[in-house]
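The next block holds one structure in the form of structure tokens; read it before the comments.
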Amino acid sequence: MRAIQSPNSIGDVKSLDPQEIEAEHAEFFAYDDKYDELMKKIVEDEQLQKIASKCASIEQIADFVVKALREQHVTGRLALIFTPHILHHFHGGSWTEDREKLLDAAFKALRRADDLAACDYTSVEHWIKTSARALQVLKFGDPVDYVVKACSRQCLGAESAFLKLIACVSMQNVRQTNGLHIKISGESGSGKTHAIYTFSHHLPQEMVIAGSMSSLAAFYHDDGDRLLRVLDDYTGGNETLDTVIKQTSSKFHSRFKHRTVDIQRKKLVLEVGSEQTWVITSVDASQDIQILTRQIPINIDDSCELTQKINKRILERYGRGETTYGVDDITLTCREIFRIMRDEPLIDAKIPFYERIEWLDNTNRRNLPLFLDIILANAGMYRYQREQDSDGYYLATEADFHTAVSMFSDTNARTEILMRFTKKEIEVLKILIACGALSHSEIADRMQPKVTARRVRDIIHGRKGSGGLEQKVNISIEKLSEPYETHEGRIMYKQKTLLSLVNVQSVGAILFGCEVARLLPPMVEPCGTSVEPHLEHSLEHRNQ
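With my numbering as the guide, the letters of the sequence shown map in order to residues 8 to 551.
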């Protein structure tokens, strides 16, 4: 497979000299004391001890260790780190001399077990170098920009979508967030599916669940925690699945339990893992409004200008013989960036300048927590570059605040996030503000490009009469009888439905409003020293 052409600003995994390789090996195999309990549990397993005592084959022991770790939901990079240490426990000898052999045995065992992370690589050295590159980006580079640029090589014009997707995934790793989910809307062929699958292609494949699913499938498949679940072209109306989405969204950092019985009528408790992030694509926002309030909607750009750029990129891809979702070192580095953060326990984060944040939007009480979650998610992506306080909390910075503000900075972003309007809903609102009361067909004639009256009904009232624009704003519906004359000269009446906005000024303020939040300047002591508001109490106490 040919490698994807990549911009120089992203860069490739560098070649390492022997000293650098040794340093990267040492960093790769270092693990925190918090994993000691897991290591102890594995090495004290009686069955593993029996196998280790009976067979001399290190490959057999490695296979069993990988299986035991998988039962503890330890796979991929962590399994590659732990397995050589466990093998060394049973094998004995010198770690320095035997490390390469133990590491090779662990890598091959993971490949035999079809571990998705191990299957990304042909050699363990490539894996370690890629992990080193990912750590380099996390510690000294811009991980968010790196992932956005990497994804934009395969999907043009979706930078805004990638930024929000990164924020949603990052929230899985921060204990103080409530979780956010993605709702992508757009016309058929607008690139909704391509944008989602391009992003998920740059995630560790073990954390992506995509494809069709039955209503309770999440309970019967032990998929684990911190996952991205993709529902493509979901039309809604499945009450059981809608309930699962609602419940796993509201209990984001907890496993969700479902009590039932098995075929023998015995009690059975099934669970869905914690931190389940849902991505739902559809033509319209037809899901129940209770689901939408926990999601960030994203509208795909379907402009002619972007379509021309995409067509040019498609021609280049076919000319170079590239696949749609190719894998190169940049793709693998993105996967390792997310894998490293996912392998670590949840972190704690806080906003030390919270008293300086002035929130200006009062349309929905959920919007402020959503905004603050984005701040913490951004801090989580830059955790290796953020300070920690004495309690171990990572401290968000003003840069994280401004990143969150940028997601609300233009009209499209503001209306998407604050009111969950789709692009077509915004167009309908602008028509009603400009023209007043109109029928479905009259609205359809004014849209660009023109659509059918049936399409307008779906946008306003939702498919199957559920959801739609009228669940988000107050729309007046007036039915009239209009007279008309038949060919025979008789006067007949036909029904006409007129739609209008109840509060035009309020809706106009939402569509054309200004900033939603601003950061007040820090407090200043008489001597001119700036003081963060969270230190105000201690200063008052000192002055007393």
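We treat Cβ as the ideally placed atom computed from N, Cα and C, and that holds for glycine.
Query                                                                                                                                               : Result
Using a 10 Å radius around the Cβ and a threshold of 16 neighbouring Cβ atoms, would you call Val619 buried or exposed?                             : Nothing about residue 619 can be read from this structure; the chain reaches only from 8 to 551.
How big is the Cα-Cα spacing for His201 and Ser397?                                                                                                 : 44 Å
List the residues that DSSP assigns as beta-bridge partners of Phe263.                                                                              : Val279
From which residue to which residue does the alpha helix (DSSP H) around Tyr227 run?                                                                : Ala224 to Tyr227
So, at 7 Å on beta carbons, what are the nonlocal neighbours of Thr4 in its own chain, with the 5 sequence-adjacent residues on each side left out? : The structure shown does not extend to residue 4, since the chain is modelled only from 8 through 551, so no value can be given for it.
Does DSSP put Val181 in a helix, in a strand, or in coil?                                                                                           : strand
Three-state secondary structure (DSSP) at Gln395?                                                                                                   : strand
Threshold first: 3 residues or longer. Then list the beta strand (DSSP E) segments lying entirely within the region 284–356, N to C.                : 302–306
Using DSSP bridges, identify the partner residues of Leu235.                                                                                        : Val215 and Thr284
Straight-line CA distance for Ile49 to Phe378?                                                                                                      : 42 Å
For the alpha helix (DSSP H) that Arg525 lies in, which residues bound it at each end?                                                              : Unbroken run through Arg525 is the beta strand (DSSP E), Ala524 to Leu526; no alpha helix (DSSP H).
Per the DSSP calculation, Thr504 is bridged to which residue(s)?                                                                                    : Lys486
Alpha carbons only, please: which of Arg266, Arg461 and Gly280 is nearest the one belonging to Lys274?                                              : Arg266
Could you check what DSSP says for Ile270 in three-state terms: helix, strand or coil?                                                              : coil
So Asn385 and Thr410 are in contact, right, with Cβ under 8 Å, and what is the actual spacing, rounded?                                             : 5 Å
Where does Pro490 land, buried or exposed, given buried means 16+ other C-beta within 10 angstroms?                                                 : exposed
Can you give the Cα-Cα distance for Gly475 and Ile287, rounded to whole angstroms?                                                                  : 16 Å
Which residues in the same chain have their Cβ closer than 8 Å to the Cβ of Met499, if we skip the five residues on either side of it in sequence?  : Pro490, Tyr491, Glu492 and Thr493
Using DSSP with H/G/I as helix, E/B as strand and the rest coil, what is Leu172?                                                                    : helix
Could you tell me which residues DSSP pairs with Ile189 in its beta bridges?                                                                        : Val286 and Ile303
Around the Cβ of Met8, are there at least 16 other Cβ atoms within 10 angstroms (buried) or fewer (exposed)?                                        : Low per-residue confidence applies at Met8: pLDDT is 34, beneath 50, and the placement is therefore not dependable, though the value from the model is reported in the following sentence. Its Cβ having fewer than 16 others within 10 Å, Met8 is exposed.
Among Pro211, Leu234 and Glu329, whose alpha-carbon lies nearest the alpha-carbon of Trp134?                                                        : Pro211
In the DSSP output, what is Tyr491 paired with across the bridge?                                                                                   : Met499
Ignore the nearest five residues each way along the sequence and tell me which others in Arg119's own chain have a CB closer than 7 Å to its CB.    : Asp70
Among Ile58, Gly100 and Ala125, which has the Cα closest to the Cα of Ile88?                                                                        : Ala125
Could you say if the region 246–258 and the region 156–164 meet the contact criterion of at least three C-beta pairs nearer than 8 Å?               : no
So for Leu402, helix, strand or coil by DSSP?                                                                                                       : strand
Could you give the distance in angstroms between the alpha-carbon of Leu542 and the alpha-carbon of Ile191?                                         : Residue placement at Leu542 cannot be trusted, given a pLDDT of 46 that sits under 50; what the coordinates show is reported in the next sentence. Distance between the alpha carbons of Leu542 and Ile191 is about 41 Å.
With C-beta atoms as the reference, is Leu402 less than 7 Å away from Pro359?                                                                       : yes
Just reading off the alpha helix (DSSP H) that Ile358 is part of, what are its end residues?                                                        : That residue, Ile358, is in no alpha helix (DSSP H); it is neither H nor E in DSSP.
Starting from Val151 and walking both ways along the alpha helix (DSSP H), at which residues does that stretch end?                                 : Pro150 to Ser159
By DSSP, does Leu445 sit in helix, in strand, or in coil?                                                                                           : strand
Which partner residues of Trp366 appear in the DSSP bridge assignment?                                                                              : Ala524
Alpha carbon to alpha carbon, how far is Leu234 from Arg390?                                                                                        : 20 Å
Along the alpha helix (DSSP H) that carries Gly387, what are the first and last residues, could you check?                                          : Asn374 to Met388
Alpha carbon to alpha carbon, how far is His96 from Thr103? Give it in angstroms, no decimals.                                                      : 13 Å
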